[in-house]
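Trainee: For the record, the sequence lines run as chains A and B. Numbering of the first sequence is given in the numbering used here, commencing with residue 3 and proceeding in unit increments. Numbering of the second sequence is given in the numbering used here, commencing with residue 63 and proceeding in unit increments.
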Amino acid sequence: MKNKNLSSLVIIDDDVDLLELLSSFFRQRGYNVSSYEDARVALAEIEVKKVTADVVISDLKLPVMSGLDFIKRIRTFNAVLPIILMTAEGSLEVAVEAIEAGAYDFVLKPLHVPQLLISVQRALFLNQVQVENTNLKNLFNEQDFLGLKGVIGKSPGFKKAMELARRVSSSQANIIIFGESGSGKEVIAKAVHELGDRKSGPFVAINCSAIPENLLESELFGYAKGAFTGAVASKIGLFEEANKGTLFLDEIGDLALPLQAKLLRVLQERKVKRIGENQTRDITARVICATHKDLKKEVEKGNFREDLYFRLNVIPIHMPPLRERKEDIIPLSEYFLKKFSLINNANIKGFTKQAIKRLETLAWKGNVRELENAIERAVVLSNSEYVDVEDLPLADLGNEESKTNQTETGTALFSINSIMTLEEVCKKYIEFIFKRNGFAKEQTAKELGIDRKTLYRKLKELENVEHTIQ
Amino acid sequence: MHILVEHKKKYLDRRKSEIEELKQSLNNNDFDIAINIGHRLKGNGETFGYPVISALGISLEQAGIVKDKEKLREVIEQLAKNVEQSLKEI
Numbered sequence: 003m004k005n006k007n008l009s010s011l012v013i014i015d016d017d018v019d020l021l022e023l024l025s026s027f028f029r030q031r032g033y034n035v036s037s038y039e040d041a042r043v044a045l046a047e048i049e050v051k052k053v054t055a056d057v058v059i060s061d062l063k064l065p066v067m068s069g070l071d072f073i074k075r076i077r078t079f080n081a082v083l084p085i086i087l088m089t090a091e092g093s094l095e096v097a098v099e100a101i102e103a104g105a106y107d108f109v110l111k112p113l114h115v116p117q118l119l120i121s122v123q124r125a126l127f128l129n130q131v132q133v134e135n136t137n138l139k140n141l142f143n144e145q146d147f148l149g150l151k152g153v154i155g156k157s158p159g160f161k162k163a164m165e166l167a168r169r170v171s172s173s174q175a176n177i178i179i180f181g182e183s184g185s186g187k188e189v190i191a192k193a194v195h196e197l198g199d200r201k202s203g204p205f206v207a208i209n210c211s212a213i214p215e216n217l218l219e220s221e222l223f224g225y226a227k228g229a230f231t232g233a234v235a236s237k238i239g240l241f242e243e244a245n246k247g248t249l250f251l252d253e254i255g256d257l258a259l260p261l262q263a264k265l266l267r268v269l270q271e272r273k274v275k276r277i278g279e280n281q282t283r284d285i286t287a288r289v290i291c292a293t294h295k296d297l298k299k300e301v302e303k304g305n306f307r308e309d310l311y312f313r314l315n316v317i318p319i320h321m322p323p324l325r326e327r328k329e330d331i332i333p334l335s336e337y338f339l340k341k342f343s344l345i346n347n348a349n350i351k352g353f354t355k356q357a358i359k360r361l362e363t364l365a366w367k368g369n370v371r372e373l374e375n376a377i378e379r380a381v382v383l384s385n386s387e388y389v390d391v392e393d394l395p396l397a398d399l400g401n402e403e404s405k406t407n408q409t410e411t412g413t414a415l416f417s418i419n420s421i422m423t424l425e426e427v428c429k430k431y432i433e434f435i436f437k438r439n440g441f442a443k444e445q446t447a448k449e450l451g452i453d454r455k456t457l458y459r460k461l462k463e464l465e466n467v468e469h470t471i472q
Numbered sequence: 063m064h065i066l067v068e069h070k071k072k073y074l075d076r077r078k079s080e081i082e083e084l085k086q087s088l089n090n091n092d093f094d095i096a097i098n099i100g101h102r103l104k105g106n107g108e109t110f111g112y113p114v115i116s117a118l119g120i121s122l123e124q125a126g127i128v129k130d131k132e133k134l135r136e137v138i139e140q141l142a143k144n145v146e147q148s149l150k151e152i
């Protein structure tokens, strides 16, 4: 946890002896303590934020304003502040009344102070979780472009794509989204779903290149019990699962030819047949496809059915790569910084000027996904309140195409042309896998047989090695 | 929990002045003071390491509620002795 501040306690008790004892006890343990004999004074100072309170400890029986009245008044302007009540009246009824009024905990006098400390620590943890939860909710409830959550961009290219998505959202026409890997094709698909009249239905997404052909068929169409070995129960397919909603087929250009024929039939007839069944079922899902490939060229090469291409290519939407919409880099970076700071509980406030310059000048061949990964990594590794240039990628991995060979099928081969140190080989190999996976960290870490944190650490270490070599 | 000597001494000194207040209130037939002080002692005596003072606090509060002057006088006397003894032991 970074830059953790001292926790602030407010203690209220008209028993001066206990007030002094508790104040001294908690101050010795690093707490900021504000003590009051009168609950009304404490209430007023908390309300006008004259005093900071992460947790309140209050006696129940107080002159003028009781502990219960204090809680009720606090709850009118602060619903989450944990309040621990102390009392010498140890009846169950009083405890229930206190908890119902909004007390976090209830401790009996004579006090066992170490027990009170545990209660305070737990209350602080609860408070921290509640604050983080509220911040995360606020972040993800932020309404951005076209009133959609987390849709960020102001460049003409992005606006054009989103505007087209808005216009076609209420139509029934087939949509295909073209764009490089990581450019945000799924964001467009979700926008079409959210802005149209199917938004109350499910949004089901599948990456056609990530699943073997046989499995993909059963995923898409479902199967009947006993249709094949292992089909111990019937299963509905994604076409049915997305009924009244949207089915997003990503990387449709990688779909095997036999499945292309089946998809074409479904799109024409609007019916599916589960594997091993004769019965056809109507589907109401809207199908949106996306690909990073040039489907026209794939048709010419014989890799993609022409009839399916024409069927899908009714309304094409082109999502420009990030390098063609540089105006979006900083807003996206700020969004990711906020998101990952909250997730990692890091108190990072922004970027230095040099870091902003670096962000704007990198080519981002891996597009928004690469940018997101870079910001997450920077947040995890940064030691200060501002992400600096050294927290960002040193080299533009996407520009190092010349250092790897590409086969016709797009599978990159890792090559070493000269004698290298072990560190250099490691660096090249990690970069190679990272790039081959379109900068997808999960997949890269998986292929390398390490977890995501180790991947970040390795990249950071390798950057340091590069500094030393240079 | 270890309570610092300075806290203990301050605590017992305050009890001494409270005992004078209790005696005065008894002469004035003011039982509210015994109820309030008794309630407070019940809640704090044991925390400072003096369970007997907590027990005497309970008796003081109960005797104050039923306005039992004899019982109050007896409890105040016991409290005074206990406070003096505790001060000597510090």
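Even glycine gets a Cβ: it sits at the ideal position worked out from N, Cα and C.
1) Which chain A residues sit within Cβ distance under 7 Å of E108 of chain B?
2) Please state whether DSSP places S36 of chain A in a helix, a strand or coil.
3) Please confirm whether R371 of chain A and A292 of chain A have their CB atoms less than 8 Å apart.
4) Using a Cβ distance threshold of 8 Å, determine whether the stretch 143 to 151 of chain B contacts the stretch 71 to 79 of chain B, with at least three qualifying pairs required.
5) For A90 of chain A, which residues in chain B fall below 7 Å Cβ to Cβ?
6) Rounded to a whole number of angstroms, what is the C-alpha to C-alpha distance between K52 of chain A and R42 of chain A?
7) Below 8 Å on C-beta distance, what does R76 of chain B contact in chain A?
8) Tell me the rounded alpha-carbon separation between I59 of chain A and I358 of chain A.
9) Out of curiosity, what's the CA-to-CA distance linking D309 of chain A and D330 of chain A?
10) Hey, D284 of chain A and K273 of chain A: beta-carbon distance below 8 Å or not?
11) Taking the alpha carbon of S386 of chain A as the reference point, which residue from A:I332, A:F434, A:T354, A:K303 has its own alpha carbon closest?
12) Taking 8 Å as the threshold (beta carbon to beta carbon), is S116 of chain B in contact with chain A?
13) Considering only the alpha carbon of each residue, which of A:P323, A:I345, A:I177 lies closest to P158 of chain A?
14) Have a look at A:H294, A:E49, A:T231, A:G440 and flag the residue whose alpha-carbon is nearest the alpha-carbon of T374 of chain A.
15) Should the stretch 229 to 241 of chain A be called in touch with the stretch 169 to 178 of chain A, which here means at least 3 C-beta pairs below 8 Å?
16) Is the Cβ of H69 of chain B closer than 8 Å to any Cβ of chain A?
17) Against V53 of chain A, what residues of chain B qualify as contacts under a CB-to-CB distance less than 8 Å, listed in chain order?
18) Going along the chain, which residues of its own chain have a beta-carbon closer than 6 Å to the beta-carbon of F306 of chain A, five neighbours each way excluded?
19) List the residues of chain B that S26 of chain A touches, going by C-beta distances under 8 Å, in chain order.
20) Would you grab the beta carbon distance between N106 of chain B and D17 of chain A for me? Rounded to a whole angstrom, and I think it's under 8 Å.
21) If we count Cβ pairs, one from each stretch, closer than 8 Å, do we get three or more for the stretch 222 to 235 of chain A versus the stretch 182 to 199 of chain A?
22) Report the option in A:H114, A:A90, A:L113, A:A125 whose CA atom is closest to the CA atom of D107 of chain A.
23) Which same chain residues end up closer than 8 Å to E449 of chain A when comparing Cβ atoms and leaving out the 5 residues on each side of it in sequence?
24) Can you check whether the CB of L21 of chain A is closer than 8 Å to the CB of D15 of chain A?
25) Could you give the C-beta distance for I152 of chain B and I81 of chain B, rounded to a whole number, given that I count them as a contact under 8 Å?
26) Just to confirm my understanding: we take I178 of chain A, look at its own chain, exclude 5 residues before and 5 after, and list those with CB closer than 6 Å. What are they?
27) Determine the chain B residues that contact L70 of chain A at a beta-carbon separation under 7 Å, and present them in chain order.
28) I'd like the span of the alpha helix (DSSP H) that includes R42 of chain A, first residue to last.
29) Quick check: L269 of chain A and N176 of chain A, are their CB atoms within less than 8 Å of each other?
30) Mind listing the chain B neighbours of L339 of chain A? Cutoff is C-beta to C-beta under 7 Å, in chain order.
31) By alpha-carbon positions, which one of A:V50, A:S121, A:Y225 ends up nearest to Q281 of chain A?
32) Checking contacts by CB at 8 Å: is L64 of chain A closer than that to chain B?
33) Whose CA, out of A:E378, A:V115, A:F28, A:K162, lies closest to the CA of H320 of chain A?
34) Using only the alpha-carbon positions, how far apart do D453 of chain A and A447 of chain A sit?
35) Just mark I99 of chain B as buried or exposed, buried being the case when its beta carbon has 16 or more other beta carbons within 10 Å.
36) Under 8 Å by Cβ, that's how I've got L383 of chain A and K460 of chain A pegged, so tell me the actual separation to the nearest angstrom.
Mentor: Put simply:
1) Position 46 of the second sequence holds residue 108 of chain B. Counting only Cβ-Cβ distances below 7 Å, E108 of chain B has contacts in chain A at P112, in chain order.
2) One-based indexing of the first sequence puts residue 36 of chain A at position 34. Strand at S36 of chain A.
3) Within the first sequence, numbered from 1, the residue matching residue 371 of chain A stands at position 369. Within the first sequence, numbered from 1, the residue matching residue 292 of chain A stands at position 290. Using a Cβ distance threshold of 8 Å, R371 of chain A and A292 of chain A do not count as a contacting pair.
4) Yes, since at least three Cβ pairs between the stretch 143 to 151 of chain B and the stretch 71 to 79 of chain B fall closer than 8 Å, the two stretches touch.
5) Position 88 of the first sequence holds residue 90 of chain A. Correct list: H101, K104, G105.
6) Within the first sequence, numbered from 1, the residue matching residue 52 of chain A stands at position 50. Within the first sequence, numbered from 1, the residue matching residue 42 of chain A stands at position 40. Cα to Cα, K52 of chain A sits roughly 14 Å from R42 of chain A.
7) Working through the second sequence from its first residue, we reach residue 76 of chain B at position 14. Going along chain A in sequence order, the residues near R76 of chain B (Cβ under 8 Å) are V18, D19.
8) By one-based count along the first sequence, residue 59 of chain A stands at place 57. By one-based count along the first sequence, residue 358 of chain A stands at place 356. Each residue's alpha carbon lies about 45 Å from the other.
9) Counting from 1 along the first sequence, the entry for residue 309 of chain A is found at position 307. Counting from 1 along the first sequence, the entry for residue 330 of chain A is found at position 328. Roughly 36 Å separates the two Cα atoms.
10) Within the first sequence, residue 284 of chain A is the residue found at index 282, counting from 1. Within the first sequence, residue 273 of chain A is the residue found at index 271, counting from 1. Contact: yes.
11) On the first sequence, position 384 is the one that residue 386 of chain A refers to. A check of alpha carbon separations from S386 of chain A across A:I332, A:F434, A:T354, A:K303 identifies A:T354 as the nearest.
12) The residue given as residue 116 of chain B occupies position 54 in the second sequence. With a threshold of 8 Å between beta carbons, S116 of chain B makes contact with chain A.
13) For the purposes of this step, residue 158 of chain A is identified with residue 156 of the first sequence, where counting begins at 1. Comparing Cα-Cα distances from P158 of chain A to each of A:P323, A:I345, A:I177, the minimum goes to A:P323.
14) As a first step, residue 374 of chain A must be located in the first sequence, where it is residue number 372. According to the sequence provided, residue 374 of chain A is Glu. The question's Thr does not apply to it. Taking the Cα of E374 of chain A as reference, the smallest distance to any Cα among A:H294, A:E49, A:T231, A:G440 is reached at A:G440.
15) Verdict: no, contact absent.
16) Locating residue 69 of chain B in the second sequence gives position 7, where the first residue counts as 1. It does; some Cβ of chain A falls within 8 Å.
17) The residue labelled residue 53 of chain A in the question sits at position 51 within the first sequence. Those do not exist, as V53 of chain A stays about 24 Å from chain B at its closest Cβ, beyond 8 Å.
18) Locating residue 306 of chain A in the first sequence gives position 304, where the first residue counts as 1. Only L297, E300 meet the Cβ criterion.
19) Start at 1 with the first residue of the first sequence, and residue 26 of chain A comes out as number 24. Going along chain B in sequence order, the residues near S26 of chain A (Cβ under 8 Å) are L66, H69.
20) Residue numbering aside, residue 106 of chain B sits at position 44 when the second sequence is read from its first letter. Residue numbering aside, residue 17 of chain A sits at position 15 when the first sequence is read from its first letter. With a Cβ gap of about 6 Å, N106 of chain B and D17 of chain A count as contacting.
21) Cβ pair count under 8 Å is below three, so no.
22) Residue 107 of chain A sits at position 105 when you count from the first residue of the first sequence. A:A125 is the residue among A:H114, A:A90, A:L113, A:A125 whose C-alpha sits nearest the C-alpha of D107 of chain A.
23) The residue you call residue 449 of chain A lines up with position 447 of the first sequence. Closer than 8 Å at Cβ, skipping near neighbours: I435, N439.
24) Taking the first sequence and counting its residues from 1, one reaches residue 15 of chain A at position 13. Taking the first sequence and counting its residues from 1, one reaches residue 21 of chain A at position 19. Their beta carbons are under 8 Å apart, which means D15 of chain A touches L21 of chain A by this criterion.
25) For the purposes of this step, residue 152 of chain B is identified with residue 90 of the second sequence, where counting begins at 1. For the purposes of this step, residue 81 of chain B is identified with residue 19 of the second sequence, where counting begins at 1. I152 of chain B to I81 of chain B, Cβ: 17 Å. No contact.
26) On the first sequence, residue 178 of chain A is found 176 positions in, with the first residue counted as 1. If we look at I178 of chain A and ignore the five residues flanking it on each side, its Cβ neighbours are C291, L314, N315, P318.
27) In the first sequence, the residue the question calls residue 70 of chain A occupies position 68. None at all; the shortest Cβ gap to chain B is about 17 Å.
28) Mapped onto the first sequence, residue 42 of chain A falls at position 40. Unbroken alpha helix (DSSP H) run through R42 of chain A: 41 to 49.
29) In the first sequence, residue 269 of chain A corresponds to position 267, counting from 1. In the first sequence, residue 176 of chain A corresponds to position 174, counting from 1. When the beta-carbon positions are compared, L269 of chain A and N176 of chain A come within less than 8 Å of each other.
30) As a first step, residue 339 of chain A is located in the first sequence; it is residue number 337 there, counting from the start. Proximity of chain B to L339 of chain A at the Cβ level (cut-off 7 Å) is not reached, the minimal Cβ distance being about 44 Å.
31) Here residue 281 of chain A corresponds to residue number 279 of the first sequence, with the count starting at 1. Per the Cα distances, A:Y225.
32) Position 62 of the first sequence, counting from 1, holds the residue named residue 64 of chain A. Closer than 8 Å: no.
33) Position 318 of the first sequence, counted from the first residue, corresponds to residue 320 of chain A. Nearest option by C-alpha distance: A:K162.
34) Position 451 of the first sequence, counted from the start, is the residue given in the question as residue 453 of chain A. Position 445 of the first sequence, counted from the start, is the residue given in the question as residue 447 of chain A. Distance from the CA of D453 of chain A to the CA of A447 of chain A, rounded to the nearest whole angstrom, comes to 5 Å.
35) What you label residue 99 of chain B is simply residue 37 of the second sequence in a count that begins at 1. Its Cβ being crowded by 16 or more others within 10 Å, I99 of chain B is buried.
36) As a position in the first sequence, residue 383 of chain A is number 381, starting the count at 1. As a position in the first sequence, residue 460 of chain A is number 458, starting the count at 1. In fact, because the Cβ distance is near 12 Å, the residues do not count as touching under 8 Å.
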